[in-house]
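Residue numbers for the sequence shown follow the working numbering, beginning at 2 and rising by one.
See below for the structure under consideration.
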Amino acid sequence: MRLLAVFAHPDDESFFCAGTLAKYAALGHEVYLICATRGEQGRIRHPAIDASLYPKGEALGKLREKELEAACAVLGLRPPIFLGYQDSGYPLEVAQANPRGFMHQDLQQIEDVLLGYMAQLKPQVVIGFDPQGYYGHADHIHLHRATLGAFWRAGNVMPEPPKRLFFPVRTKERVAQTRFDPERYGVSPCSLAVRVDVRPLAPTIRAAVLAHASQAGPEENFSQVLLDWPGLLEEETFVLGGLRGSFPAMPVDDLLAEWS
Numbered sequence: 002m003r004l005l006a007v008f009a010h011p012d013d014e015s016f017f018c019a020g021t022l023a024k025y026a027a028l029g030h031e032v033y034l035i036c037a038t039r040g041e042q043g044r045i046r047h048p049a050i051d052a053s054l055y056p057k058g059e060a061l062g063k064l065r066e067k068e069l070e071a072a073c074a075v076l077g078l079r080p081p082i083f084l085g086y087q088d089s090g091y092p093l094e095v096a097q098a099n100p101r102g103f104m105h106q107d108l109q110q111i112e113d114v115l116l117g118y119m120a121q122l123k124p125q126v127v128i129g130f131d132p133q134g135y136y137g138h139a140d141h142i143h144l145h146r147a148t149l150g151a152f153w154r155a156g157n158v159m160p161e162p163p164k165r166l167f168f169p170v171r172t173k174e175r176v177a178q179t180r181f182d183p184e185r186y187g188v189s190p191c192s193l194a195v196r197v198d199v200r201p202l203a204p205t206i207r208a209a210v211l212a213h214a215s216q217a218g219p220e221e222n223f224s225q226v227l228l229d230w231p232g233l234l235e236e237e238t239f240v241l242g243g244l245r246g247s248f249p250a251m252p253v254d255d256l257l258a259e260w261s
């Protein structure tokens, strides 16, 4: 089987669904990752990394590209595919003031690019952002729209289009433990399609997150990462964003459950 994850920035894959991606890679499935940008507008959080050497823009993007390559190796994924768009930045007012940012790029053109990769890689399962962009990042929301459009358009141009589209999400209870609004960014447990117990993969998730050293910070501060991302090493949850064919009674513990 082939799985394709579509995310906006280096580290999205590690914070949102690293355990799930690593699980299927370890089982022998082909797991691919598309990254729309190189995270050029990120903020360096590691005291040992001299931020003056990696200003926002190309220099920081090159650093984060290397970090994503390292994280993919940890997770057992194929080398990441970069689309070459520019990180818009965060929060929204920063992104809106950056006309070169991904959120301002033509949606149809992005769909076309994603559709081309779907035709090339032939994934049976696609993983991407939910409509709220996990926590509201403008790039995440824009990429959700493009991924959803490409998933459905694939049915018109591919003999065997992807069958399932999943969005990693957090329950309202989980989001309530963060600084984000649980009513806006959380989902009800009854809407979950898949709940993956990732506790056996906790060391792998930890290593993948720490591979993004500029964003995650030093290993000795990993306890702060866990406070910022409650449940990171415990469970990953998904809603169903698109379906061709059947799906078992929800929730299940496997993206490939009752495949036919």
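Even for Gly, the Cβ is constructed at its ideal location relative to N, Cα and C.
Open item on the list: Would you call the segment 235-246 in contact with the segment 192-205, where contact means no fewer than 3 C-beta pairs closer than 8 Å?
Closed with: yes
Task: Contact belief for residue 116 with residue 154 at Cβ below 8 Å, rounded distance in angstroms - done: Taking the first residue of the sequence shown as position 1, residue 116 is located at position 115. Taking the first residue of the sequence shown as position 1, residue 154 is located at position 153. So it is a contact: roughly 6 Å between Cβ atoms.
Task: 9 Å Cβ cutoff met for residue 82 and residue 149 - done: As a position in the sequence shown, residue 82 is number 81, starting the count at 1. As a position in the sequence shown, residue 149 is number 148, starting the count at 1. Against a cut-off of 9 Å, the Cβ pair of residue 149 and residue 82 comes out as no contact.
Task: Inter-residue Cα distance where the pair is residue 213 and residue 99 - done: Position 212 of the sequence shown holds residue 213. Position 98 of the sequence shown holds residue 99. For residue 213 and residue 99, the distance between alpha carbons rounds to 24 Å.
Task: Assigned secondary structure, residue 1 (DSSP; H/G/I helix, E/B strand, else coil) - done: Since the first and last residues shown for the chain are 2 and 261, residue 1 lies out of range.
- [ ] Identify every run of the beta strand (DSSP E) within the segment 221-257, keeping only runs that are complete inside it and at least 3 residues long; order them along the chain.
- [x] 236-244
- [ ] Report the option in 216, 102, 254 whose CA atom is closest to the CA atom of residue 38.
- [x] Indexing the sequence shown from 1 puts residue 38 at position 37. Residue 102 is the option with its Cα nearest to residue 38.
- [ ] Could you give the DSSP three-state label for residue 1: helix, strand or coil?
- [x] Nothing about residue 1 can be reported from this structure: the residues present for the chain run from 2 to 261 only.
Open item on the list: Just to confirm the assignment: which complete alpha helix (DSSP H) runs, minimum length 4, are found wholly within the segment 117-194?
Closed with: 134-137, 139-158, 173-176, 183-186
Task: Helix, strand or coil at residue 198 [DSSP, three-state] - done: As a position in the sequence shown, residue 198 is number 197, starting the count at 1. Residue state, collapsed to three classes: strand.
TODO: Could you tell me if residue 74 is buried or exposed, where buried requires 16 or more neighbouring beta carbons within 10 angstroms of its beta carbon?
DONE: In the sequence shown, residue 74 corresponds to position 73, counting from 1. Classification of residue 74: exposed, given that the 10 Å Cβ count is below 16.
Open item on the list: With a threshold of 8 Å, are at least 3 pairs of Cβ atoms found where one atom belongs to the segment 123-135 and the other to the segment 102-114?
Closed with: no
TODO: At 3 residues or longer, and completely inside the segment 46-119: list those beta strand (DSSP E) runs for me, N to C.
DONE: 82-86
TODO: Under 8 Å Cβ to Cβ from residue 226, same chain only, skipping five residues before and after it: list those, please.
DONE: On the sequence shown, position 225 is the one that residue 226 refers to. The answer, listed in chain order, is 210, 217, 218, 233.
- [ ] Mind reading off the beta-carbon distance from residue 57 to residue 41? Whole number of angstroms is fine, and I expect it under 8 Å.
- [x] In the sequence shown, the residue the question calls residue 57 occupies position 56. In the sequence shown, the residue the question calls residue 41 occupies position 40. Approximately 6 Å separates the beta-carbon atoms of residue 57 and residue 41; this is inside 8 Å, confirming the contact.
TODO: Look up residue 44 in the DSSP assignment and say whether it is helix, strand or coil.
DONE: Along the sequence shown, read from residue 1 onward, the residue named residue 44 stands at position 43. Coil.
Open item on the list: Relative to the C-alpha of residue 88, which candidate in 24, 158, 13, 18 has its C-alpha closest?
Closed with: Taking the sequence shown and counting its residues from 1, the one referred to as residue 88 is at position 87. Among 24, 158, 13, 18, the Cα nearest to that of residue 88 is on 13.
Open item on the list: Determine whether the beta carbon atoms of residue 162 and residue 119 lie at a separation below 9 Å.
Closed with: As a working mapping, residue 162 is identified with position 161 in the sequence shown. As a working mapping, residue 119 is identified with position 118 in the sequence shown. Closer than 9 Å, so yes.
Open item on the list: For residue 185 and residue 151, I'd like the C-alpha separation in whole angstroms.
Closed with: Translated into positions along the sequence shown, residue 185 becomes position 184. Translated into positions along the sequence shown, residue 151 becomes position 150. Cα to Cα, residue 185 sits roughly 25 Å from residue 151.
- [ ] Within its chain, find whatever has a CB closer than 7 Å to the CB of residue 222; leave out the 5 residues flanking it on each side and keep chain order.
- [x] Along the sequence shown, read from residue 1 onward, the residue named residue 222 stands at position 221. Counting only Cβ-Cβ distances below 7 Å, and skipping sequence neighbours, we find nothing.
- [ ] Report buried or exposed for residue 265, applying the criterion of at least 16 other Cβ atoms within 10 angstroms of its Cβ.
- [x] Lying before the first or after the last residue shown, residue 265 is absent from the chain, which here runs from 2 to 261.
Open item on the list: Just verifying my parser: in three-state terms, what is the DSSP assignment at residue 27?
Closed with: The residue given as residue 27 occupies position 26 in the sequence shown. Residue state, collapsed to three classes: helix.
Task: Status (buried if at least 16 other CB within 10 Å, exposed otherwise) for residue 215 - done: Translated into the one-based positions of the sequence shown, residue 215 becomes position 214. Buried is the call here.
Open item on the list: Just verifying my parser: in three-state terms, what is the DSSP assignment at residue 9?
Closed with: Here residue 9 refers to the residue found at position 8 of the sequence shown. Reduced to three states, the DSSP call for residue 9 is coil.
TODO: Would you tell me roughly how many angstroms separate the C-alpha atoms of residue 278 and residue 79, rounded to the nearest one?
DONE: No information on residue 278 is available, as it lies outside the stretch 2 to 261 that the chain covers here.
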